[in-house]
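Asker: Position in the sequence shown counted from 1, then plus 1, gives you this note's numbering. The beta carbon of each residue, even a glycine, is placed where N, CA and C say it ideally should be.
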Amino acid sequence: MVSMKDWTEADWLYSGQRLVEWMRGSSSASSVLLFLRHSHREQIDDVETMVTGELTEIGKNLSTELGRRLPADRPYRVFTSIVPRSFQTAEAIVEGITENGGTVSDIEALSVLMGPHVSEKEVWTNLHPDGENVTEFVNHWAEGRFGERMEPFDAYIPRLLRDTFGRLDYPEDTEIHLHITHDLAMMCMKRAIFERPLEPADREPYLGGLAARRTESAFQVFVGCDGQTLDFSYR
Numbered sequence: 002m003v004s005m006k007d008w009t010e011a012d013w014l015y016s017g018q019r020l021v022e023w024m025r026g027s028s029s030a031s032s033v034l035l036f037l038r039h040s041h042r043e044q045i046d047d048v049e050t051m052v053t054g055e056l057t058e059i060g061k062n063l064s065t066e067l068g069r070r071l072p073a074d075r076p077y078r079v080f081t082s083i084v085p086r087s088f089q090t091a092e093a094i095v096e097g098i099t100e101n102g103g104t105v106s107d108i109e110a111l112s113v114l115m116g117p118h119v120s121e122k123e124v125w126t127n128l129h130p131d132g133e134n135v136t137e138f139v140n141h142w143a144e145g146r147f148g149e150r151m152e153p154f155d156a157y158i159p160r161l162l163r164d165t166f167g168r169l170d171y172p173e174d175t176e177i178h179l180h181i182t183h184d185l186a187m188m189c190m191k192r193a194i195f196e197r198p199l200e201p202a203d204r205e206p207y208l209g210g211l212a213a214r215r216t217e218s219a220f221q222v223f224v225g226c227d228g229q230t231l232d233f234s235y236r
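1) Give a yes or no on whether the C-beta atoms belonging to Thr65 and Arg42 are separated by under 8 Å.
2) Round the Cβ separation of Thr182 and Ser40 to the nearest angstrom and send it over; I've been treating them as touching at under 8 Å.
3) Let me check one thing: in DSSP terms, what residues is Leu179 bridge-paired to?
4) Alpha carbon to alpha carbon, how far is Asn127 from Ser120? Give it in angstroms, no decimals.
5) For a test of the three-state rule: what should DSSP assign to Glu137, helix, strand or coil?
6) Out of Thr53, Leu71, Cys189 and Arg70, point me to the one whose CA is closest to Leu199's CA.
7) Hey, Asp47 and Pro130: beta-carbon distance below 8 Å or not?
8) Extract the residue ranges of the alpha helix (DSSP H) inside the region 82–112, only unbroken runs of 4 or more that lie entirely within it.
9) Taking Glu109 as the reference, which of Val79, Thr90, Glu133 and Pro206 has the closest Cα?
10) With three or more C-beta pairs closer than 8 Å as the rule, is the region 224–232 touching the region 200–214?
11) Would DSSP call Glu25 helix, strand or coil?
12) According to DSSP, is Ala219 helix, strand or coil?
13) I need the boundaries of the alpha helix (DSSP H) containing Phe195, first residue and last residue.
14) Taking buried to mean at least 16 other C-beta atoms within 10 Å of its own C-beta, is Asp203 buried or exposed?
15) Using three-state DSSP, classify Arg204 as helix, strand or coil.
16) Thinking C-alpha only, which one of Val33, Met24 and Thr9 is nearest Arg214?
17) Comparing alpha-carbon positions, which option in Arg197, Thr230, Val113 and Pro206 lies nearest His180?
What follows is the structure in structure tokens.
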């Protein structure tokens, strides 16, 4: 059982806490996008476990607690990377949502949430297994430094936006669209929204990320790690 102390004192939950408060204050009259990094995992020290690494028990428990604190006044659609720690995060959050009286229509795996297509696995040697240099990696990728070894950045971003913001194209939709992803896709999304190279401070902690709602002319995006709000035009 997670205590109030766990939720308020875990030093990596500050972004998730802000996102929960933003979500609880959002209008139930329109759809919302919640784009989260997976929950707490063990440190990853080699490329082989980048894909197989799972959540810690505290990671699972606090994912469920986050779900309990999300608004239950609208249905949810949940999308996740197929990597175990992302799927575990999605399942735990859904458990919390349903315990709080909310409804979830389904959990759907999306390959775009795992990251870009890669033709030469050696490209991952440029990314620290634990993601410490993820902002630098994304900047180098966007600058074209990896050539044909991986999907071009400018090809991946439209796919990512289409499967996230693109799903909010229907004004009559009032669902909450919850996406569970990784450092890499999260930083790609931020670079696209910020329209600038990334900085180390842009990296989101576990269960951190972005939330967005449609306005008349664009999307209002809330950034969990620093609490800023900005407008983003998709299309």
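Answerer: Let me lay it out:
1) no
2) Rounded, the Cβ-Cβ distance is 12 Å, inconsistent with contact.
3) Leu35 and Val79
4) 14 Å
5) helix
6) The option with the nearest alpha carbon to Leu199 is Cys189.
7) yes
8) 85–100
9) Val79
10) Output reads yes: the region 224–232 touches the region 200–214.
11) The residue asked about is misnamed: residue 25 is Arg in this sequence, not Glu. Of the three classes helix, strand and coil, the one that applies to Arg25 here is helix, per DSSP.
12) The answer is coil: DSSP assigns Ala219 none of H, G, I, E or B.
13) Asp184 to Phe195
14) With 16 or more neighbouring CB atoms inside 10 Å of its own CB, Asp203 falls in the buried class.
15) coil
16) Val33
17) Val113
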